[in-house]
Each structure stands twice: as C-alpha cells, then as structure tokens.
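Okay, so here's the structure we're looking at.
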Amino acid sequence: MNSPNSSLNRRQFVTKGAVAIAAASLAPSFQLVGMDRSARKTKVVMVGTGTRGIHSWGTELVGPYKDYVEMVGLCDINEKRVEVAKELIGIDAKTYHSNDFDKMIREQKPDIVIVTTVDSFHVDYIVRAMELGCDVISEKPIATEADQCQRILDTEKKTGRKVNVGFNVRFMNESMEMKRILSSGELGKILAIDYQENLDTSHGASYFRRWHGKIKNSGSLLVHKASHQFDLVNWLLDADPVQVQAMGKVAFYGKNNAYRGKKCRNCEFTNQCDYYWDMTKDADDMKLYGNCEDVDHYYRDGCVWDDKIDSYDTSSVQVQYDNGTQLTYTLNAYLPYEGQYICFSGEKGRLDVRLNSRQPWDAPAPFEFRLTKDGETTKYWTMKPNSGGHGGADERVKDAMFKPNQQDPTGQKAGSRAGVLSSMIGIAARKSIETGGVVNISDLINL
Ligand SMILES: NC(=O)c1ccc[n+]([C@@H]2O[C@H](COP(=O)([O-])OP(=O)(O)OC[C@H]3O[C@@H](n4cnc5c(N)ncnc54)[C@H](O)[C@@H]3O)[C@@H](O)[C@H]2O)c1
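Okay, structure coming up:
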C-alpha cells in the first residue's frame, strides 16, 4: 500500500470498477431487498472488516444488541482478513470477497449495510447498497471527494433509502455538555470558535503508518480525522459552513527524515528510529494484518517516513458559517501531548473547554470547562468520560441506530447531509491549500 502501484491499490481500483459495472448491469432487473423490519431483528452485513469494523460494529454489536440485530454477512477486499474477522467477532456469518458485494446483498437480503472500509471506497458501497434497496450506516467520513458526496446525496433522493453516519463524537459526554451550554443561550450568539486538535506522536504517527497518510485514500486528515470535529461544530452551531480557507503541509513525517523503510518489522533503521513499532507483540494485529498482508500488501506498521506521504500533518483551517460564526481549526499531529482545546466566544461570554487525553502534567480531570461572563464572574467544573468505546459514545451511537423508540431531542443521529457537510469542509480546505484561494462550498456541491 506504500506505493501507488502496490497490489492493494490495483485491486482496489479493480473492485471499484467491478462495483460500478455491476451497478450498471444489474440495476434494471434487480429485486430490491429493503424490507419492513418493524416486527423482527434488523439484518446487517458489513463491508470492510478491519479494526473498527470488527470491534465497534462487530463484537460490540452482535452480543450486546442481539435482541435487535443479526449480522448475516462480512465482506472485504482481503479474503484472508475477512475470515480472521469472522473468527474475532465470533459469528457464523457468510464471508464474501468485495468483488461479490452484490452477491452478498442478493443472498443475505440485509436491511442495512455497514460500511467500514478505507475512506475513499465508502462511496461505492454506500451508493450500490442503496441501489440494491438497503439502508446504510457509514463510518465517518462519508466520502473524501465532492463528486462522491454528490453521488451519495443524489442516490439517496433517487432510491428513497437512508444513509446514517457514525458520528460518535456527538455522543460523548463532553460534546453533550457543550451542546447544553450553547443551546441554553447563556453565551448569546456565538461569534467565533477556536479549535485546537493536538495529536501526540503516538496517535498522530499511527495515521502516517497506514493508508491515512495518502490523500487518495483518506482525503487527508482534514477529511479523515477532522470530519469528526467539523461535524461537532456544525451540530453545536446548528449552522452550515459556507466558505473555507486553509494552509497545510507535511512538515514532520514523510520526506522530512534522512532514512526510511517499508515496514518496521524488517527495517534496517530499527535501532535509531524513534517511531519503530513492534507489531509482533500484538497477537490480534498480527492475525488481522501481518498474516494477511501477502494478499494486499497492507502494512499495518508502514513507515512514517514514506516519502509518498502527502496528508498534511500541520494544518489550519478557517470556516465561515451561514449564521456568521467564524471557526479557526488547527490540527498538528506530532506534539508531545494529546488533547483538544476549544474556545467559544459569545456575545455574552466565553466558554473554554480542555479535553485532556495524555500529557506530562497532572490534569485535574479528563474534561475541564470554564465559563466566563465578565471580568469578575467565572465558573469552573470538570467531567469525565463513561466507560466503553470512545467514552461510551460508541454504545450510544448503536442505541440510536438499532434500539426502537429512541428519543433524539438534540438531533444527535446524523444523516447524509451532516456527513457530507463535515467532509466538505475538509475537501474545500484541501482545495484552498492547493490553490491558495478562498473556497465556496456551494461551488463544489449541490445540497
Ligand atoms: N468513528 C470512529 O471513531 C472511527 C474510528 C476508527 C476508524 N473509523 C473509520 O472506520 C473505517 C475503517 O477504519 P479501520 O481503522 O478499521 O481501518 P482498517 O485499515 O483497519 O480496515 C479497513 C478495512 O477495509 C478493507 N478494504 C480496503 N479497501 C477495500 C475495498 N475497496 N473494498 C472492501 N474492503 C476494503 C481492508 O482490507 C480492511 O480490512 C474508516 O472509514 C475510518 O475512518 C472511525
């Protein structure tokens, strides 16, 4: 996967083509499979059986939600990995190669297709699943290019099917607290937001070891990672982004080093590289990736110094919203500590939020809030996450998606429009970085 001509990339393009051709040839005569699921369990299949799929939409779904959900098919471009996934999830579902995606839908007749592949391929499965009569749950980002976003919106309208996006960040305790304060009106109109996303050399580097480091796979971290944060701001403000300008570069990883290898396991620079990672110590990683890499050359411990890396590790983005709020967002992926610092400047005061993840000082609590009304009035409080994946948010997303009669007073369950708007900020930012200009989102997509 490290070179554009690697066998995985070639196979991925073959698969893309296969999906498109199948769509053209089968669409007219195909029996749609969407069904009324009011009186029975929801039947789901998953495409993309990597870590996120196996855990959040696999083991954490099939056991705890067994009264509501039945997983009947698993699909991946790597025929070995999909078998390991089946074993790790511990289900009896039938497995399929991604070339047989249509066959899986035909045979298993799922209600919902869960899409957890590499980001740039989400669109193919989202669109095809809807054409075949299924609803979709897609991992973020919904898509990595403007034309992909348009295809998804258009297909949803044409087919009447529904795409939901797994924006778990909306369901985190700290996000719900921010929503509560902003919705209360205590700060008045929010005029500006400063959002620092600080990734340390553990989390940050993990993206540059894998497919995320190439824009053609992930749309850059401004799409892959920041789609979470852009969606959070869109949701908190209940407003649409309209204009974007940005700066970004690969300032730390990639070609910014004197030496490089292909993967840590057989690298000649193991002793001198600060980013050497021994994946052989993780039995599941070896099973799922190391032992399957002969099929697709997907190296889970790829080199952070790969000189083909083009996803920015240093970026700043400015966004103008249709309600007049201005957002300044920065993402730096090589810092000595990890966390976020978010400031909401309102007409009647300011909210400072610190999300502490990993830092070499004693943070008073995982989440710190300070609301300041004037030079004399300030209130400080702390919060912590729940247990479970992403501070309990992964479970809440699944509640919203699968449990019947769920209340949603703040609109946390995200559809395709929210998915598209969050991706479009990153896509417009990339265009701004390439052109040096200000980019209007309405010039890139018809919502
Ligand atoms: N919401 C969250 O907090 C969160 C967290 C992690 C990952 N994610 C998202 O989940 C998705 C998967 O991430 P991951 O970390 O599991 O990645 P991964 O690399 O571990 O897994 C991706 C899987 O997709 C398969 N794949 C690649 N190209 C394919 C194709 N054309 N057709 C079918 N399968 C293909 C790979 O073989 C692999 O099994 C990504 O979209 C990512 O953005 C979301």
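Numbering (the numbering used here), first residue to last: 5 to 451. Backbone N, C-alpha and C define an ideal beta-carbon position, used for all residues, glycine too.
* Among Arg110, Gln112, Phe125, the one whose alpha carbon lies nearest that of Asp80 -> Checked all of Arg110, Gln112, Phe125; the closest Cα to Asp80 is Phe125.
* Asked: Cβ atoms of Ala133 and Ile156: under 8 angstroms apart, would you say?
  -> no
* To do: Grab the span of the alpha helix (DSSP H) containing Ile1 for me, first residue to last.
  => This structure does not reach residue 1, given that the chain is present from 5 up to 451, and the question cannot be answered.
* To do: Report the option in Ile431, Val88, Gln410, Lys45 whose CA atom is closest to the CA atom of Gly52.
  => Val88
* May I ask you to verify whether the stretch 89-99 touches the stretch 145-162, counting CB pairs closer than 8 angstroms and requiring at least 3? => no
* Under the criterion of a Cβ to heavy atom distance below 7 angstroms, does Gly54 qualify as lining ligand 1? -> Checking the Cβ of Gly54 against ligand 1 gives yes.
* To do: Classify Trp385 as helix, strand or coil using the three-state DSSP reduction.
  => strand
* To do: Could you have a look at Asp311 and say whether DSSP puts it in helix, strand or coil?
  => coil
* Would you kindly report the start and end of the unbroken beta strand (DSSP E) that includes Lys253? => 245-253
* CB of His2 to nearest heavy atom of ligand 1: below 7 angstroms? -> Nothing about residue 2 can be read from this structure; the chain reaches only from 5 to 451.
* Asked: Hey, Phe371 and Glu64: beta-carbon distance below 8 angstroms or not?
  -> At least 8 angstroms separates the beta-carbon of Phe371 from that of Glu64.
* Any heavy atom of ligand 1 closer than 7 angstroms to the CB of Asp289? -> no
* Asked: Where does Phe273 sit, in a helix, a strand or coil, going by DSSP?
  -> Taken through DSSP and simplified to helix, strand or coil, Phe273 comes out as coil.
* To do: Tell me where the beta strand (DSSP E) around Asn221 begins and ends.
  => Note, Asn221: premise wrong, no beta strand (DSSP E); alpha helix (DSSP H) at 219-222.
* Just mark Arg44 as buried or exposed, buried being the case when its beta carbon has 16 or more other beta carbons within 10 Å. => exposed
* Asked: Is there at least one non-hydrogen atom of ligand 1 closer than 7 angstroms to the beta-carbon of Asn202?
  -> Asn202 Cβ: outside cutoff for every heavy atom of ligand 1.
* Could you tell me whether any Cβ in chain D is nearer than 8 angstroms to the Cβ of Pro364? => Looking for chain D here will not work: only one protein chain is present.
* Cβ distance (whole Å) where Gly423 is taken to contact Lys144 below 8 angstroms -> 7 angstroms
* Using DSSP with H/G/I as helix, E/B as strand and the rest coil, what is Ser210? -> helix
* Asked: Is Trp239 near ligand 1, going by C-beta to nearest heavy atom under 7 angstroms?
  -> No, the Cβ of Trp239 stays beyond 7 angstroms of every heavy atom of ligand 1.
* When Glu438, Gly430, Ile437 are compared against Ala150, the one with the closest alpha-carbon -> Among Glu438, Gly430, Ile437, the Cα nearest to that of Ala150 belongs to Gly430.
* Asked: Going by beta carbon distance, what residues of the same chain come within less than 8 angstroms of Tyr69, once the five residues before and after it are set aside?
  -> Lys402, Phe406, Lys407
* Asked: What first and last residue would you give for the beta strand (DSSP E) that runs through Ser188?
  -> Element bounds for Ser188: not the beta strand (DSSP E) but the alpha helix (DSSP H), 177-188.
* Could you name the residues of the same chain whose beta carbon sits closer than 6 angstroms to that of Asn82, not counting the 5 residues immediately before and after it, in chain order? => The answer, listed in chain order, is Cys296, Val299, Asp300.
* To do: Please go through the stretch 368-435 and give each complete beta strand (DSSP E) segment of 3 or more residues, from N-terminal end onward.
  => 371-376, 382-387
* C-alpha gap between Thr55 and Pro368, whole angstroms -> Spanning the alpha carbons of Thr55 and Pro368 requires a straight line of approximately 32 angstroms.
* To do: May I ask whether a heavy atom of ligand 1 can be found less than 7 angstroms away from the beta carbon of Thr99?
  => Remark: the shortest separation between the CB of Thr99 and any heavy atom of ligand 1 does not fall under 7 angstroms.
* To do: Examine ligand 1 and report whether any of its heavy atoms sits within less than 7 angstroms of the Cβ of Ser102.
  => yes
* Tell whether a beta-carbon distance below 8 angstroms holds between Pro245 and Tyr333. => Annotated as distal: Pro245 and Tyr333, with beta-carbon spacing of 8 angstroms or more.
* Between the Cα of Arg85 and the Cα atoms of Asp278, Trp309, Lys291, Tyr263, which residue gives the shortest distance? -> The residue from Asp278, Trp309, Lys291, Tyr263 with its alpha-carbon nearest to that of Arg85 is Lys291.
* Anticipated Cβ contact below 8 angstroms, Gly208 with Asp123, distance rounded -> Actually they are not in contact, since the Cβ atoms of Gly208 and Asp123 sit about 18 angstroms apart, beyond 8 angstroms.
* Buried or exposed: which applies to Ser446, given that a residue is buried once 16 or more other Cβ atoms fall within 10 Å of its Cβ? -> It counts as exposed.
* **Nearest residue (CA-CA) to Glu201, options Val66, Ser361, Arg184** => Measuring from the Cα of Glu201, the nearest candidate turns out to be Ser361.
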